Amino acid sequence: MSSNAAGPSKIFYGWLIALVAGLGTASSVGIFIPATIGLLIAPLAAEFHWTAKEIFLAPAFATTSTILVAPFMGAIIDKLGPRRVITVSFLIEALIMASFSYLDDSLWLFYARYLAFALLATGTTHVAFATLVSRWFDRRRGLALGIALAGFGVGGVFWSLVANALFKQVGWRDAFPAMALIILLVTLPIMYLIVRDSPQAMGLNVDGDAPKVDASGKVEMRAELTGMSLREAATTRQYWMMIVIFCLIGLSVQSVMLHMVPYLTARGESRETAVMIQASLWAVLVVGRISTGWLMDRFFAPRVGLAFLLLPIVGIGLLAAGASGTVALLSAMMVGLAAGAEVDVVAYLTGRYFGLKHYSVIYATYFSAYAFGAGLGPPGTAWAVERLGGYPPVFAIIAAILVFGALLMAMLPRFPPSTSH
447 MSSNAAGPSK
457 IFYGWLIALV
467 AGLGTASSVG
477 IFIPATIGLL
487 IAPLAAEFHW
497 TAKEIFLAPA
507 FATTSTILVA
517 PFMGAIIDKL
527 GPRRVITVSF
537 LIEALIMASF
547 SYLDDSLWLF
557 YARYLAFALL
567 ATGTTHVAFA
577 TLVSRWFDRR
587 RGLALGIALA
597 GFGVGGVFWS
607 LVANALFKQV
617 GWRDAFPAMA
627 LIILLVTLPI
637 MYLIVRDSPQ
647 AMGLNVDGDA
657 PKVDASGKVE
667 MRAELTGMSL
677 REAATTRQYW
687 MMIVIFCLIG
697 LSVQSVMLHM
707 VPYLTARGES
717 RETAVMIQAS
727 LWAVLVVGRI
737 STGWLMDRFF
747 APRVGLAFLL
757 LPIVGIGLLA
767 AGASGTVALL
777 SAMMVGLAAG
787 AEVDVVAYLT
797 GRYFGLKHYS
807 VIYATYFSAY
817 AFGAGLGPPG
827 TAWAVERLGG
837 YPPVFAIIAA
847 ILVFGALLMA
857 MLPRFPPSTS
867 H
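Below is the structure:
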């Protein structure tokens, strides 16, 4: 046996990759934007007299651009590997964050920053990290993805609380360079030093399995990655079903998440209470993603995803009924389960249905679909709240949309024979 093989007494390096991917996910623009945009409403409205609807349009510029950029970024990751793309993207993300300190009353320059996040820093998102982890794991891929993507919840809690504290201590302008320093001094060096594109790059095998030795004594590593191309995947029924499902989930969940602070303050809660409830929503993501990943390694993944959609439907329904206080807290945690489970589910399903050879570009199309829904939902919700006279009727519509997504999830077919490797 090769001396580099992961023996039974050693901890597989892939678990470190999963943890570091969790840190990367926590630091990505995909978390930073939704965790901080709600906190910007009051200070930007006070300084520039922008409306909530105008401010909430900013993430739409990011998500709309992501729809176009993500497939190209996925193709680049498939070609160059995740590591190089991740490190360059985090450097760019930090520079854009720092530029917020120079924001003036030009609403279009405000939108331009969110556009730049999508165009130049999509390599910090799930597209890169789901690809990375899927290359390191097969049998335990669900749990590994759950650990990596749990960073979404950790980052949501972290950025919500840190941004709120910095806004109060140093003001919103100086808060952004301070947050950029966290990326430059913590996240970026760890990504560069620890991330490796595949286990083969370290003389290891997927899942930490010992390499096989053929009759001649030659060590055999795992075969090259196999799987469908994007064009081949697009000919299948499950591909388009998943596009619709995750677009609807993105619309529903992100609408509620980004409007949680405005909803609660409109219900009479203090800003501090609203921020803490929003943080609890992000915290439950950790539970949702790790538990979903563990379950997907043991049960049919679409059924697991369906189960995790039921409580969020109830939670949004309670918000539609005017929940506040403790009930609002519980409702927020229920919604967090959907965001916690569903991105994890699509990352897992992509590999199982279509293989890993073109994983990044196929997964990126789902990321785009999710981004489309997530970009349409929050400004659409702000518009609907104005037209319908408040949040309850709008949340009732969002709950109905999520029910439809759950029904489609229940109709996904069984996995084809393994195409992971």
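Residue numbers for the sequence shown follow the working numbering, so the first one is 447 and each next one is one higher. No residue lacks a Cβ here, since even glycine has one placed at the ideal position from N, Cα and C. All of these numbers come straight from a predicted model, not from anything done at the bench.
Boundaries of the alpha helix (DSSP H) in which residue i is found, first to last residue
i	result
G484	475 to 494
F909	Residue 909 is absent from the structure shown; the chain starts at 447 and stops at 867.
D620	618 to 628
M637	634 to 640
S410	This structure leaves residue 410 out entirely; the chain is present only between 447 and 867.
V702	683 to 704
I457	I457 -> no alpha helix (DSSP H), and no H or E assigned at all.
R587	587 to 595
M855	837 to 856
S580	572 to 582
V652	Element bounds for V652: n/a, residue is neither H nor E.
E678	676 to 679
R559	553 to 567
G801	Neither: G801 is in no alpha helix (DSSP H) and is coded neither H nor E.
G763	747 to 766
Residue closest to residue i, alpha-carbon to alpha-carbon, out of the options
i	options	result
W582	P825, P748, G797	G797
D524	F575, T512, Y560	F575
G470	T512, V531, S644	V531
P748	I487, M857, E493, P635	M857
L607	I723, L465, F536	I723
V573	P623, M625, S806	S806
S552	E493, Q684, S644, P623	E493
W740	G468, M779, V791	V791
G782	A793, A852, L822, M706	M706
A508	P838, A845, P824, A842	P824
S814	G836, A564, M779, G468	A564
A769	A720, T482, G751, I628	A720
I629	V641, L795, T682, E539	E539
L854	G649, I689, A504	I689
D738	A793, S726, G771, L775	Correcting the residue identity first, residue 738 is Thr in this sequence and not Asp. Measuring from the Cα of T738, the nearest candidate turns out to be A793.
CB-CB length for residue i against residue j, believed under 8 Å
i	j	result
I759	V849	6 Å
G460	A590	7 Å
F861	Y816	The pair is not a contact, with the Cβ atoms about 21 Å apart (cut-off 8 Å).
A766	A845	6 Å
A467	A626	That belief does not hold up - the Cβ atoms of A467 and A626 are roughly 21 Å apart, past 8 Å.
Y560	A624	Not quite, the Cβ-Cβ distance comes to about 19 Å (not below 8 Å), so this is no contact.
7 Å Cβ shell around residue i - same chain, five flanking residues per side excluded
i	result
V840	T827, A830, V831, L834
L764	V773, S777
S866	For S866, the predicted structure reports a pLDDT of 46, less than 50, and the residue's modelled location is therefore unreliable. The matter cannot be settled from this model.
F622	M543, A544, F546, S547
T633	L469, G470, S473, F536
Exposure label - residue i; buried when at least 16 CB within 10 Å
i	result
N450	Its pLDDT being 43, under 50, N450 is placed unreliably by the model, and the measurement read from it follows with that caveat. So N450 ends up on the exposed side.
R587	buried
H495	exposed
E718	exposed
P528	buried
W605	buried
G453	Confidence is the limiting factor: at G453 the pLDDT is only 43, short of 50, which leaves the residue's position unreliable, though a coordinate-based value still follows. With fewer than 16 Cβ atoms within 10 Å of its Cβ, G453 is classed as exposed.
P859	exposed
R585	exposed
Y548	exposed
P480	buried
W618	buried
Q615	exposed
G714	exposed
T518	In the sequence as presented, Thr is not what sits at residue 518; that position holds Phe. With fewer than 16 other Cβ atoms within 10 Å, it is exposed.
A472	buried
G734	buried
K456	exposed
S448	Caution is warranted here: a pLDDT of 39 is assigned to S448, below 50, making its placement in the model unreliable, and no coordinate value can be reported.
A611	exposed
F458	buried
T433	Past the boundaries of the shown model lies residue 433; the chain is included only from 447 to 867, so the question cannot be answered.
L446	Outside the shown range of the chain (447 to 867) lies residue 446, about which nothing can therefore be said.
A506	buried
S644	buried
P708	buried
Chain-order list of residues whose beta-carbon lies under 6 Å from that of residue i (same chain, five-residue window excluded)
i	result
I847	L694, S698
I463	W582
S535	A567, G569, T570
I487	A498, I501
Closer than 8 Å to chain C by CB, residue i
i	result
V531	Absence of chain C from the displayed structure is noted, only one protein chain being present.
Neighbourhood of residue i by C-beta distance below 8 Å, restricted to the same chain and skipping five residues each side
i	result
L676	P517, H804, V807, I808, T811
I736	L589, G592, I593, A596
W686	A680
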